[in-house]
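Quick notes on the structure that follows.
Numbering (this note's numbering), first residue to last: 69 to 724.
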């Protein structure tokens, strides 16, 4: 019994060893990566068909099993690579490319950066066009004939030629003969800008515009829709796209229309009071390529406008209707970045304006002034600039060439700026400007303490002898003291006697007149009043009123701008409320030496404007109310502005 039992145990052990060896051999054929891991990739494997009987199914060969394993491994590697490629493409989908060239922006030697706006903050001010932003500059007087489609213009110290606008380094010249050298600011769009800077030199105001440029390869879209009183309806859209090879494409357009053919409810049948309505279309295109320090871009902006005639109050001049276009375009090659190191740019620009139809306006007890229609004006401008910017100084040389009558008119400009500890200084020297005038600006800013800032400057203007205008100069000096979050300051403006032109754009005959020397006292208060509540006050009082300039101007803005970061730490909410009060005394206009001067003085006016904006993520709801009191006022003698006007809509940005 014992032998049998021992033999049985020996056979049992032998069978177990054979089974274990067979299991080990089969396990050696299993893929080593088939075991589960912490970051395994799951692959759907089809279920094999039921096994056939052993008589019908030949035994599997070892080499076929190896080939199947290799196939399965290659499929898994392909799936892993596809997944990694998709992740890589998602990361590369929002890469940042080199920006297109932008022109050298001058330093704003102000007490603070209150006259510089970036892309999001331009429209957040409630500005409908450039005139609303120029109202913040001491010495600037703006004029409006109506609502969105009306005339919008401005002068500095009473002279319209002292406000100059530059778009990407190209000066926007007022070549229209009907305007008399004055830009209609309605033709300058704000919605497609990256930056807007107002440089307040002692003798003139220079506005620097930088068109929008995209650097991200993620497509960006913006849509603006708004409506309001006076049958106002507007639509605006913008698309920007950048590719991985450095190519950029930006396109936008807008349509604005206000009610036409309105009549006064209290006047005679067919009266045209409170008119000057119309419509405007604008299209914008920018193409470019940039890689490293080299960039090439092309820009085009086309604006078409149609404005109704505006019949004034009895005894004053009418503003004729207008229908025409303005087109600005340029091609630029740039090397280097204007924010650091050596840079250079070459620009060829073209401007074309056209007026359709013939309009006339009758002056009471005088002859009829006729504005010729079908006038076409064109001009090219060639800009070559080179400069260098270091950590504490910068210098540039720019030459603007305007071919006129077969002769190339050169207007070279030298600019230099330096900053050293508490001192900032700069200069601008221009020879033979667009109006044949040499200009020199010298200015400095001193900041000996964190709570004290002093700004001083002098500008001189020397017209060519052929113009018959005398040389003149302007002085400016300001001092500001910081009281907690507010900067409180004051200054003096001293303007020499000079000759300047009338404003034909506003209905006056084209002529020149002399002005006497004048002195103005300015006062400013701007900064943080309490937490997110900000105050901005600008006041100027001259020793006497002169043509195109009131004796006293005061602009006050109270703004509550907050992102409420305690509740929305990611910045997905924004609140912007503003109350603006604009007050000015009467503005005298010059219509001729034989005219009664007291007749052409506007009545004093106070205009209040309210603005409310609420931003949620990338969408902004806005509401604006102009002339809150609803009273009648005028900024051009005899042309009554619209009563209270409300406008509301949405600005919405998308990133795909």
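C-beta atoms are modelled at their ideal positions from N, C-alpha and C, and glycine is treated no differently.
All of these numbers come straight from a predicted model, not from anything done at the bench.
In terms of alpha-carbon separation, which member of the options lies closest to residue i?
i	options	result
residue 480	722, 486, 451	451
residue 489	461, 477, 688	461
residue 691	297, 373, 494, 675	297
residue 579	548, 505, 659	659
residue 610	561, 583, 640	561
residue 661	283, 720, 570	570
residue 356	349, 629, 398, 494	398
residue 693	215, 199, 491, 167	215
residue 176	636, 525, 533, 575	525
residue 708	498, 386, 423	386
residue 540	559, 509, 575	509
residue 262	543, 281, 247	281
residue 604	466, 649, 170, 583	649
residue 572	601, 246, 304, 285	246
residue 197	183, 254, 665	254
residue 404	219, 665, 362, 470	362
residue 754	264, 576, 597, 310	Nothing can be reported for residue 754: it is not among the residues displayed for the chain, which extend from 69 to 724.
residue 546	564, 584, 586, 590	590
residue 586	322, 612, 472, 446	612
residue 184	204, 464, 169	204
residue 164	284, 714, 622	284
residue 382	667, 684, 458	667
residue 583	576, 471, 657, 697	657
residue 251	717, 421, 305	421
Are there 16 or more other CB atoms within 10 angstroms of the CB of residue i, so buried, or fewer, so exposed?
i	result
residue 551	exposed
residue 313	exposed
residue 212	buried
residue 449	buried
residue 113	With a pLDDT of only 45 at residue 113, under 50, the local geometry of the prediction cannot be trusted, and the value read off the model is given with reservation. Exposed.
residue 225	buried
residue 724	exposed
residue 359	exposed
residue 533	exposed
residue 566	buried
residue 478	exposed
residue 267	buried
residue 544	buried
residue 644	buried
residue 732	Because residue 732 is not part of the residues shown, which for the chain are 69 to 724, the question remains open.
residue 444	exposed
residue 208	buried
residue 440	Bear in mind that a pLDDT of 48 at residue 440, under 50, signals an unreliable position, so the model cannot answer this.
residue 186	exposed
residue 459	exposed
Would residue i and residue j be called neighbours here (beta carbons separated by less than 8 Å)?
i	j	result
residue 301	residue 269	no
residue 370	residue 351	yes
residue 557	residue 243	no
residue 174	residue 483	yes
residue 581	residue 636	no
residue 675	residue 617	no
residue 372	residue 348	yes
residue 608	residue 588	yes
residue 236	residue 278	yes
residue 647	residue 595	no
residue 307	residue 319	yes
residue 468	residue 239	yes
residue 455	residue 463	yes
residue 249	residue 507	no
residue 653	residue 619	yes
residue 345	residue 548	no
Would you call the stretch 187–203 in contact with the stretch 247–261, where contact means no fewer than 3 C-beta pairs closer than 8 Å? yes
Ignoring anything shorter than 3 residues or poking outside the stretch 254–315, list the beta strand (DSSP E) runs there in chain order. 261–268, 273–279, 288–296, 300–310
Touching by the beta-carbon criterion (3+ pairs, under 8 Å), the stretch 490–498 and the stretch 512–520: The stretch 490–498 vs the stretch 512–520: in contact.
Is it true that the stretch 411–418 meets the stretch 381–401, where meeting means three or more beta-carbon pairs spaced less than 8 Å apart? yes
Decide if the stretch 219–238 is in contact with the stretch 619–627; the criterion is three or more beta carbon pairs, one per stretch, under 8 Å apart. no
Between the stretch 663–681 and the stretch 229–237, can you find at least three pairs of beta-carbon atoms closer than 8 Å? No, they do not touch.
Quick one: which unbroken alpha helix (DSSP H) runs of 4-plus residues sit fully inside the stretch 476–527? Chain order, please. none
Fully enclosed by the stretch 365–410, which beta strand (DSSP E) runs are 3 residues long or longer? 390–405
Just to confirm the assignment: which complete alpha helix (DSSP H) runs, minimum length 4, are found wholly within the stretch 151–229? Segments of the alpha helix (DSSP H) lying fully in the stretch 151–229: 187–192, 198–202.
Quick one: which unbroken beta strand (DSSP E) runs of 3-plus residues sit fully inside the stretch 635–688? Chain order, please. Qualifying beta strand (DSSP E) stretches, in chain order: 641–652, 673–684.
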